[in-house]
Every structure is written in structure tokens, then in C-alpha cells.
Amino acid sequence: MNRIRLKKEKMNAVFVKHHLLGLPFDAVLHHFSRLDEHEHIHDHPFGFTSHVLKGSYVERIYEIHEDGTYTSSVHHRKEGTVHFVPASTIHELIELPEGECFTMILPLPRERETYFYRFEDGKAFKRRFNQRKFRPV
């Protein structure tokens, strides 16, 4: 019988991932100890289901339109809730109402590259995670 193990991945001073290994599916615990003031607006390489285990968070989700303009909406993800995040969802955490938050994500297979975004003067710009220069969307 395989044992369940944890593999810690420290993303920065305020965000730690704990990969649960030995399960029949992928699962990752996220611990946000406080808001990351340097967080980039981003998307993900895979879609995932997110379970808010303890605390809550508020995120801003951006939608880029065909003409390069964008709109955004704010969502409060509360303790005990579950939601699906497509890989193409562009978002950022903007508040941790309880000061910290624990989530568990169940990722799907990788489907794309990760991008970081900037929104300036009503227009959207993006860059790949491994590039420096932002380009118009």
C-alpha cells in the first residue's frame, strides 16, 4: 500500500503549496498566510477545481475582449465553497478577509502556457511566465 506523502513547494514568503503524493488523483493544498503585494495577474497551465477549506479570499477576474479592451469582476470565495477555474481564467487575489486562507485544488492535465498580464489605459498586455516584455493582447 502506498503511503500519502506531502511535498512542500514554497512559492514566496506568503504562499506555500503542499503537493499530496500517493493519491489516485492530483491534489495540492495552498496556504496563503497573507496577501502577496507583489502578485502578478495571471492565468494557469491547467484548469482546476478549488475547495476553500479554511478562511476565504477575494479575487478579481478579468475578461479580455476581441478589441483588446477588458472588463473585470470581483468574487468572494468563502470557506466551504467549491468552484471550477478554467486554465484561461485571468485573475489575482485582492483580499484575505480572515488574514489567511487554505484551499485544496484538484488540477486537470496541463493544456497551455502560463501568462502574466497588465491592464493599462483600458488595454490588456501579456507575457509568458518566462519572458520579461509585455505585449498587447
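Using this note's numbering, the first residue of the sequence shown is number 1239, and each one after it goes up by one.
Backbone N, C-alpha and C define an ideal beta-carbon position, used for all residues, glycine too.
(1) Report yes or no: do three or more beta-carbon pairs, one from the stretch 1279–1287 and one from the stretch 1318–1330, lie closer than 8 Å?
(2) Per DSSP, residue 1382 is paired with what?
(3) By the three-class DSSP mapping on this structure, what secondary structure does residue 1241 have?
(4) Since residue 1342 sits in a beta bridge, which residues does DSSP pair it with?
(5) Starting from the Cα of residue 1187, find the closest Cα among 1248, 1287, 1278 and give me that residue.
(6) Considering only C-alpha positions, which residue in the set 1293, 1321, 1332, 1331 is nearest to residue 1340?
(7) Could you tell me the boundaries of the beta strand (DSSP E) in which residue 1309 lies?
(8) Please list the terminal residues of the continuous beta strand (DSSP E) segment that includes residue 1365.
Taking the geometry as given:
(1) yes
(2) Residue 1382 cannot be examined here, being either before or after the span of the chain that is shown, 1239 to 1375.
(3) Within the sequence shown, the letter at position 3 stands for residue 1241. In this structure, residue 1241 counts as coil in the three-state DSSP scheme.
(4) Residue numbering aside, residue 1342 sits at position 104 when the sequence shown is read from its first letter. For residue 1342, which the question treats as bridged, DSSP gives the partners 1267, 1289.
(5) Nothing can be reported for residue 1187, as the shown portion of the chain is limited to 1239 through 1375.
(6) Residue numbering aside, residue 1340 sits at position 102 when the sequence shown is read from its first letter. With distances taken between Cα atoms, residue 1340 lies closest to 1293.
(7) Reading the sequence shown from its first residue, position 71 is the one you call residue 1309. It spans 1308–1315 - the beta strand (DSSP E) in which residue 1309 sits, taken as one unbroken run.
(8) For the purposes of this step, residue 1365 is taken as residue 127 along the sequence shown, with counting starting at 1. Where residue 1365 is concerned, the enclosing beta strand (DSSP E) stretches over 1361–1366.
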